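At position 20 of the sequence shown (counting the first as 1) the number is 20 in UniProt numbering, and the numbers step up by one without a gap. Cβ coordinates follow ideal geometry from the N, Cα and C atoms, glycine included. All values reported here derive from a predicted model rather than from experimental measurement. Below is one structure, written out as structure tokens, with a few remarks after it.
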Amino acid sequence: MTPAPLHLAGERLMLDPAGVVAWPAQRTLVVSDLHLEKGSHFAARGFFVPPYDTRETLAKLALAVRRYAPARLVLLGDSFHDAGGCQRMAPADCAALGRLLAGVAEVVWVLGNHDPVAPVGLPGIATEALTDGPLTFRHEADPRAAGELSGHFHPKATLPTRAGPVSRPCFATDGRRVILPAFGAYTGGLDMRDPALGGLFPRGGRVFLLGADRLFSVPLAPMRRRAESTA
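See the structure below:
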């Protein structure tokens, strides 16, 4: 894995192709939108999908935690797909999550729209937002904020290739904020051309598409220019 350095509010961050952000100066690892137990949520409503999303997501997260050995893990909301997700976890998955969190000194659960309450029986603190020095961590971006890391939108972008366009989850940034891709195995994505995302980057910026072991960086056009190009 080859991470890409990014400076935000004077702090050096590392964007990782796994879809996580490391803040080396504070030994912090940031991840967003795990949506654990999304499969069981749908199964309870009669939509049966393979029940392995939580296991796969936790395995990926464990690799990232081993790679960076953080002292603090910040989960940027929608860590569970619904408020009852924690209670539905299979015993083996619950044990795996417990082992993963036990190796981190500080766990911060930023609350999201899917999980507006703290998970029961798991270590860590729950908060609407976390501010540390010049950086703020929250679930959904505040258009007025600077030095902000958030998730919620599950951003994705499309890169033209010789074999045709390739759409991938991505990081999005304009030097004031970073929006992280969704980390969960069963998470879709919202195209960066959507007004809900474009409105947060009116002057454009840059996106970093996730690859197998590296990121692919392309410029993000200002919102007005993108609107004209699609008219």
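Taking the CA atoms as reference points, I125 sits about 18 Å from L135. Its chain contains H139, E140 as the residues whose beta carbon lies nearer than 6 Å to that of H152, once the 5 sequence neighbours on both sides are disregarded; these appear in chain order. Counting other Cβ atoms within 10 Å of its Cβ, H7 stays below 16 and is therefore classed as exposed. Here G205 is bridged, per DSSP, to L220. Looking at the DSSP output, V107 sits in a beta bridge with L73. Relative to S40, the option among T54, R27, T28 whose CA is nearest is T54. Rounded to the nearest whole angstrom, the C-alpha separation of A64 and P3 is 12 Å. DSSP places L122 in the coil class of the three-state scheme, outside both helix and strand. Listed as beta-bridge partners of R168 by DSSP are A157. Spatial neighbours of L130 in its own chain (CB-CB distance under 8 Å, excluding positions within 5 residues in sequence) are listed in chain order as V74, V108, V110, T136, F137, R138.
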